[in-house]
Amino acid sequence: MIVIYKNRYFWVILFVLLSIFSLTVGVEDFSILKVFTGDKEHIRLFLLSRLPRLISIIITASILSINGLVMQTMANNKFVSPSTTGIMDWCKLGVLFTLFYYQDANILLKIFVALIFGLFGSFFFMKLIRIIGTKDNLMLPLIGIMLGSVVGSVSTFFAYKYDILQNISSWLQGNFALISKGNYEILYFGIPLLFVVYAYANLFTISGLGEKITTNLGLNHNRILSIGMMIISTTTAIIVVTIGSIPFVGLIIPNIISMIKGDNLKSTIFDTALLGSYFLLIADLIGRSIYMPYEVPISVVVGVSGSIIFLFILLKGKRYAR
99 MIVIYKNRYF
109 WVILFVLLSI
119 FSLTVGVEDF
129 SILKVFTGDK
139 EHIRLFLLSR
149 LPRLISIIIT
159 ASILSINGLV
169 MQTMANNKFV
179 SPSTTGIMDW
189 CKLGVLFTLF
199 YYQDANILLK
209 IFVALIFGLF
219 GSFFFMKLIR
229 IIGTKDNLML
239 PLIGIMLGSV
249 VGSVSTFFAY
259 KYDILQNISS
269 WLQGNFALIS
279 KGNYEILYFG
289 IPLLFVVYAY
299 ANLFTISGLG
309 EKITTNLGLN
319 HNRILSIGMM
329 IISTTTAIIV
339 VTIGSIPFVG
349 LIIPNIISMI
359 KGDNLKSTIF
369 DTALLGSYFL
379 LIADLIGRSI
389 YMPYEVPISV
399 VVGVSGSIIF
409 LFILLKGKRY
419 AR
């Protein structure tokens with residue numbers, strides 16, 4: 099059992115099988131075998147809907163999980179993630195700003211504006227932490243959640259004022275139901291940034307030791323943090339604009355991997371992405387299956403299951419979440 103538990107190839111093969119099964123779940127009947135036999139209707143459904151959705155889930159899960167891992171490593175805090183530091187809320191405010199002033203804006207402009215707001219929010223959060231000067235692990239996410247709530251309230255106020263509250267709420271709620279060929283490809287831009295994370299993994303780990311140690315090793319601490327936050331803000335903006343906001347993934351997945359395999363960032367990146375993909379794919383299957391033919395948004399499923407898992411981590415894994 100221990101060998102299977104730690105065998106990466108076993109989990110990869112199991113994930114491939116789960117992915118193939120997920121392709122068959124949906125309102126319309128679909129068979130993988132008919133794709134290989136040349137059935138045009140099944141090939142069309144496969145290429146236009148089922149495959150783009152699966153790819154979107156894997157990329158989104160990998161980005162969110164690795165973003166959380168990088169943030170927790172750089173901050174040396176197991177409770178931080180893009181959702182608990184307000185970065186997602188800043189990105190949503192950026193999207194809302196774009197809808198106000200550039201209603202016909204294309205997706206690249208929305209991502210760019212969301213990126214600018216996300217970067218501003220991340221650096222503002224870092225500056226606020228330095229001013230407060232707290233080293234309490236619980237205070238950092240609490241400050242981030244408070245800041246995110248303020249930004250979210252501002253977004254809600256303007257959305258209500260301009261009578262687009264219902265539209266913005268449904269549009270920015272994490273959901274893969276509308277993913278199809280032609281409206282998800284922007285997610286591919288996040289993949290090269292994940293390779294950049296791998297290249298800078300050791301530097302991110304060193305930055306988590308503190309500014310003094312990083313400087314003594316001849317490295318520029320602020321530059322490393324800036325690179326990390328730039329990657330996180332960019333990929334978060336891509337996710338928010340394309341898929342919407344999905345909570346907890348960047349918070350719980352790195353913690354689970356840390357409990358199993360330790361805190362070596364470079365050696366756990368793949369495992370973090372794999373477990374995140376498992377989690378999001380299973381959540382998507384649940385959302386598609388509960389009230390078929392209707393679909394529960396994945397942000398709702400992840401919100402419920404993620405909160406339960408996080409409570410379990412707090413209660414049963416205190417020695418890992420410090």
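Under our numbering, the first residue of the sequence shown carries the number 99, and numbering increases by one thereafter.
Where is the CB? At the ideal position from N, CA and C, for every residue including glycine.
Closest Cα partner of residue i within the set the options
{"i": "valine 402", "options": "Leu378, Tyr392, Leu413", "result": "Leu378"}
{"i": "methionine 186", "options": "Gly348, Glu283, Leu121", "result": "Gly348"}
{"i": "leucine 162", "options": "Leu409, Ile304, Pro352", "result": "Pro352"}
{"i": "tyrosine 107", "options": "Ile411, Ile380, Leu413, Phe368", "result": "Phe368"}
{"i": "isoleucine 337", "options": "Arg228, Cys189, Lys359", "result": "Cys189"}
{"i": "leucine 276", "options": "Ile164, Arg386, Ile322, Phe302", "result": "Arg386"}
{"i": "proline 150", "options": "Lys364, Phe274, Asn300, Ile388", "result": "Phe274"}
{"i": "isoleucine 164", "options": "Leu413, Ile411, Ser365", "result": "Ser365"}
{"i": "leucine 207", "options": "Thr254, Gly360, Thr340, Ile157", "result": "Thr340"}
{"i": "leucine 301", "options": "Asn105, Leu291, Arg321", "result": "Arg321"}
{"i": "asparagine 361", "options": "Asn175, Ser247, Val114", "result": "Checking the sequence, you will find aspartate at residue 361 rather than asparagine. Of the candidates Asn175, Ser247, Val114, the one whose C-alpha sits nearest the C-alpha of aspartate 361 is Asn175."}
{"i": "glycine 280", "options": "Val110, Ile205, Leu372, Ile156", "result": "Ile205"}
Own chain partners of residue i with C-beta closer than 7 Å, once the 5 adjacent residues on each side are dropped
{"i": "isoleucine 407", "result": "Ile350"}
{"i": "serine 147", "result": "Ser278"}
{"i": "valine 252", "result": "Leu191"}
{"i": "histidine 319", "result": "Ser305, Glu309, Thr312, Thr313"}
{"i": "tyrosine 376", "result": "Phe113"}
Close beta carbons around residue i, own chain, < 6 Å, minus the five adjacent residues each side
{"i": "valine 125", "result": "Pro391"}
{"i": "lysine 414", "result": "none"}
Own chain residues within Cβ distance below 8 Å of residue i, not counting five before or after
{"i": "leucine 143", "result": "Glu126, Phe128"}
{"i": "serine 405", "result": "Phe346"}
{"i": "phenylalanine 223", "result": "Thr183, Gly184, Ile185, Ile241, Gly242, Leu245"}
{"i": "isoleucine 230", "result": "Met237, Ile241"}
Beta carbon of residue i nearer than 8 Å to that of residue j
{"i": "serine 343", "j": "glycine 272", "result": "yes"}
{"i": "methionine 327", "j": "leucine 213", "result": "no"}
{"i": "leucine 131", "j": "leucine 152", "result": "no"}
{"i": "valine 123", "j": "leucine 383", "result": "yes"}
{"i": "valine 178", "j": "glycine 219", "result": "no"}
{"i": "glycine 306", "j": "alanine 203", "result": "no"}
{"i": "glycine 374", "j": "serine 154", "result": "no"}
{"i": "isoleucine 227", "j": "leucine 236", "result": "no"}
{"i": "isoleucine 355", "j": "threonine 370", "result": "yes"}
Minimum Cβ-Cβ distance from residue i to chain D less than 8 Å
{"i": "asparagine 165", "result": "In the displayed structure, chain D is absent; only one protein chain is listed."}
> Quick one: any contact between the stretch 319-335 and the stretch 277-293, if contact means 3 or more CB pairs under 8 Å?
Replying inline: yes
_Taking 8 Å as the cut-off, does the stretch 189-206 touch the stretch 138-145 (at least 3 CB pairs, one atom from each stretch)?_
no
Kindly confirm or deny that the stretch 176-184 and the stretch 388-401 touch, where touching means at least three C-beta pairs closer than 8 Å. no
- Item | Segment contact flag, the stretch 162-175 with the stretch 290-309, C-beta cutoff 8 Å, min 3 pairs | yes
Margin query: Threshold first: 4 residues or longer. Then list the alpha helix (DSSP H) segments lying entirely within the stretch 324-373, N to C.
Written below: 347-359
Checklist entry - Counting only runs that start and end within the stretch 257-293, where is the beta strand (DSSP E) found for 3 or more residues in a row? => result none
| task | Could you pull out every unbroken alpha helix (DSSP H) segment of at least 4 residues lying fully inside the stretch 157-212, listed in chain order? | result | 185-199
Practice task
Tell me the start and end of each unbroken alpha helix (DSSP H) in the stretch 212-256 that is at least 4 residues and wholly inside, in chain order.
Solution key: none
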